[in-house]
Every structure is written in structure tokens, then in C-alpha cells.
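Numbering (the working numbering), first residue to last: 9 to 297.
C-beta: ideal position from N, C-alpha, C; glycine also.
Following: one structure in C-alpha cells, then a few remarks.
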């Protein structure tokens with residue numbers, strides 16, 4: 009049996025990871041001058057954090073460094089336990105490059121170790137959706153090589169759609185210009201975004217009014233569902249539960265049998281989206297373009 013590994017940006021419930029014996033390595037963040045570890049809710053109250061960003065607090069995050077990955081991977085290499093790390097998009101963070109470098113260092117010390125690195129090219133519960141696929145494949149008895157091959161063939165089928173209620177955090181993170189943020193706020197523009205094939209966030213369209221942006225997410229999910237109508241659909245939010253519920257209702261209005269789970273966008277991603285982000289994740293029939 010091989011060990012499944014991930015990181016705290018997967019935004020799955022900690023209980024899900026524990027129940028399926030998936031180990032994770034944490035990102036880090038700073039809020040109000042305090043350095044903390046994103047341990048997926050083990051030592052902080054997520055709703056309290058949402059209230060802080062709703063009030064305008066601008067947290068910062070830091071990637072997982074090479075040394076942390078070496079410490080994370082080494083026990084499995086030392087024990088001779090095959091392992092696969094299913095990680096946050098390399099298009100959005102330097103952490104994936106650090107994981108690759110750490111793997112090389114670990115293999116220098118343990119040349120017979122079996123350690124695989126999978127770049128999900130995904131963020132938040134999109135990464136989490138890929139972790140759920142890894143759990144499914146492992147439970148079905150797939151070998152480690154078969155699991156990695158599945159990811160190579162299917163990871164771009166993941167559809168990832170986001171919208172935010174405020175442009176301030178996208179501007180703060182360099183995703184939109186100051187002018188675009190100011191103009192968008194004045195005109196009540198809500199961007200609809202996805203993650204491109206390189207694993208980078210991009211703005212796909214801009215609509216006026218919050219409800220239209222939520223409907224856009226719902227329509228994207230409904231369009232993808234025929235590829236596997238019973239598949240898990242994940243909807244996440246950084247604090248705006250009512251908007252997430254509304255998006256779910258919009259989906260069910262057109263696809264009443266959809267298997268939808270609502271969850272929280274974790275601290276690392278919420279630090280960059282601000283309060284009120286709503287995101288939807290579903291597997292499509294074809295690779296995203």
C-alpha cells in the first residue's frame with residue numbers, strides 16, 4: 009500500500025483526510041502581524057478568520073519551503089513506504105517547485121525510495137477534488153503507477169470556477185490592476201474566473217451583479233455534469249454561506265440529481281480572495297482549454 013500526501017491548500021475537511029489516512033503539509037500565513045500555520049482548522053477558528061477579512065484585514069501567505077518538504081517526505085522514504093504527493097498548482101505557488109527539489113534531495117539519501125509528485129494544476133477544493141479521486145483510485149486497488157497515470161490523463165478535465173464579491177483582494181494580490189478594481193467596484197462588476205491548463209488563475213468573463221456571477225458558476229457546473237451525473241460536485245465559499253447555498257439551488261434547479269457538497273475555502277486561498285468568494289468544482293468530459 010502506498011501513502012497519499014497533500015497540503016493544506018486542498019481545503020477538504022480535516023476529518024476527511026484523517027478518515028482516509030491522507031497526510032498533509034501546511035502552508036503558512038500572517039494575519040495582523042501574527043505568523044501562524046495553516047493546519048486546516050486544528051488550531052484556529054475559520055469563521056473568526058472570515059470575519060477578519062470581511063472587516064478588511066489583508067493577510068499574507070508563504071509557500072512551503074524545500075526543507076519542510078524534505079522533512080515531510082523523509083519518513084516515508086526511510087521506512088520504504090511508497091508515497092505520492094498530490095499538490096497545489098505550480099502555476100499559483102512556488103511550493104510545487106520546492107516539492108520537486110525536495111524529492112530529488114530525498115532520493116539522493118534514499119535512492120530506492122518510491123516517491124511521486126503530482127501537480128494537480130488546481131486550487132482549493134479543486135485540489136481537494138483531485139485528492140478525493142486519489143482516495144477513490146487507491147480504494148479501487150489501483151497501483152501507484154496507475155494512479156499517477158490517471159492524473160496525467162485526467163487532471164485537466166477538472167473544471168474550476170470562481171467568483172469574488174470584492175475586487176480588493178485580487179488587486180492586492182496583483183491579479184487585477186488598481187484601475188480595473190476601482191472601475192469594477194463602481195460598476196458592481198463581478199469577475200467569473202477559472203484555472204487555465206497551466207494551473208494559473210484567469211478572468212473568463214465579467215458580469216454585473218452578484219446573482220449573475222453565481223448563476224454563471226451554476227451554469228458551468230450544469231454544462232459539465234453530463235460527463236458523470238453522479239460525481240461529487242464541490243462548492244466552497246470564504247464565509248458567504250448564503251451565496252454558496254444559492255449557487256447549489258441554481259444547479260439543482262437544472263440538475264436535480266446533482267451530488268453537491270458545500271464546504272469552506274481554507275485560510276490560504278481565502279487570504280487571496282477575501283470574504284465572499286464562491287467556487288465550484290466538477291469533472292468535465294474534455295480537457296479545459
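When only Cα atoms are considered, residue 209 and residue 120 end up about 37 Å apart.
Taking the CA atoms as reference points, residue 154 sits about 45 Å from residue 64.
Of 14, 297, 259 and 66, the smallest CA-CA separation from residue 37 is found for 66. Proximity to residue 224 across 59, 171 and 140 peaks at 171, based on C-alpha coordinates. No Cβ-Cβ contact shorter than 9 Å links residue 103 with residue 143. Around the beta carbon of residue 198, 16 or more other beta carbons lie within 10 angstroms, which makes this residue buried. Here the alpha carbon of residue 14 sits roughly 28 Å from the alpha carbon of residue 226.
For residue 107, the secondary structure class from DSSP, reduced to helix, strand or coil, is helix. Taking 9 Å as the cut-off, the beta carbon of residue 123 is found no closer than this to the beta carbon of residue 78.
Residue state for residue 66 is assigned as coil, using DSSP reduced to three classes. If you draw a straight line from the Cα of residue 48 to the Cα of residue 25, it comes to about 10 Å. Between residue 265 and residue 237, the C-beta spacing is below 9 Å. Judged by DSSP in its simplified three-state form, residue 248 adopts coil rather than helix or strand. In the DSSP annotation of this structure, the continuous segment of the alpha helix (DSSP H) that includes residue 146 starts and ends at 133-147.
In the same chain as residue 101, and ignoring 5 residues on each side of it, the C-beta atoms closer than 7 Å to its own belong to 71, in chain order. Excluding sequence positions up to five before and after residue 74, its CB lies within less than 6 Å of the CB of 106, 109 and 110, all in the same chain and listed in chain order. For residue 228, the uninterrupted alpha helix (DSSP H) segment begins and ends at 218-232. Contact between the region 54-62 and the region 156-166 is absent, with fewer than three C-beta pairs closer than 8 Å. With contacts defined as CB atoms closer than 9 Å, residue 291 and residue 232 qualify as a contacting pair. Shown here, residue 59 sits in a helix according to DSSP, grouped into three states.
Within the DSSP bridge table, the entry for residue 168 names 289 as partners.
Shown here, residue 279 sits in a helix according to DSSP, grouped into three states.
A distance of 9 Å or more separates the beta carbons of residue 136 and residue 35. In terms of CA proximity to residue 267, 243 leads the group 281, 254 and 243.
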